[in-house]
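Asker: Residue numbers (the working numbering): 2 to 119.
1) What residues in its chain sit with their C-beta under 7 angstroms from that of residue 72, if we drop five residues either side in the sequence?
2) Can you check whether the CB of residue 76 is closer than 9 angstroms to the CB of residue 83?
3) Which residue wins for smallest C-alpha separation from residue 103, given the options 35, 109, 42?
4) Roughly how many angstroms lie between the CA atoms of residue 17 and residue 93, to the nearest whole one?
5) Check the DSSP bridge columns for residue 88 and list the partner residues they point to.
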């Protein structure tokens, strides 16, 4: 069954980017979505479309879909959060799960300055 994680990074252009990664799942059929304020803002069904990009209003979402050496699959979706501070959820469902996984991340984590260790 997939393990799901969310993170925030700054892209090469300095734009905050949220990542949702589902790893180690088989078969390849996985559903992964982003939600904001309880509404779906993206939807991915890997059995239909392995790799594609969405433009949804102010959201820019792209996905990387890969097969691992052990035969399992991984998918990462990238989301550029809106400037307002809000909580986003990554929703994942797969046949190996008894119920969907929901992981949240606040866009505040993307806008805070990174602390640099000295």
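We put the CB at the ideal spot given by N, CA and C, even for glycine.
Answerer: Let me spell this out:
1) The count along the chain shown starts at 1 and reaches residue 72 at position 71. Once the five neighbours on either side are set aside, the close Cβ partners of residue 72 are 27.
2) Your numbering for residue 83 matches position 82 in the chain shown. Your numbering for residue 76 matches position 75 in the chain shown. No.
3) Translated into positions along the chain shown, residue 103 becomes position 102. Comparing C-alpha distances from residue 103 to each of 35, 109, 42 shows the shortest one belongs to 35.
4) Taking the chain shown and counting its residues from 1, the one referred to as residue 17 is at position 16. Taking the chain shown and counting its residues from 1, the one referred to as residue 93 is at position 92. Their backbone Cα atoms lie some 22 angstroms apart in a straight line.
5) Your numbering for residue 88 matches position 87 in the chain shown. DSSP lists 107 as partners of residue 88.
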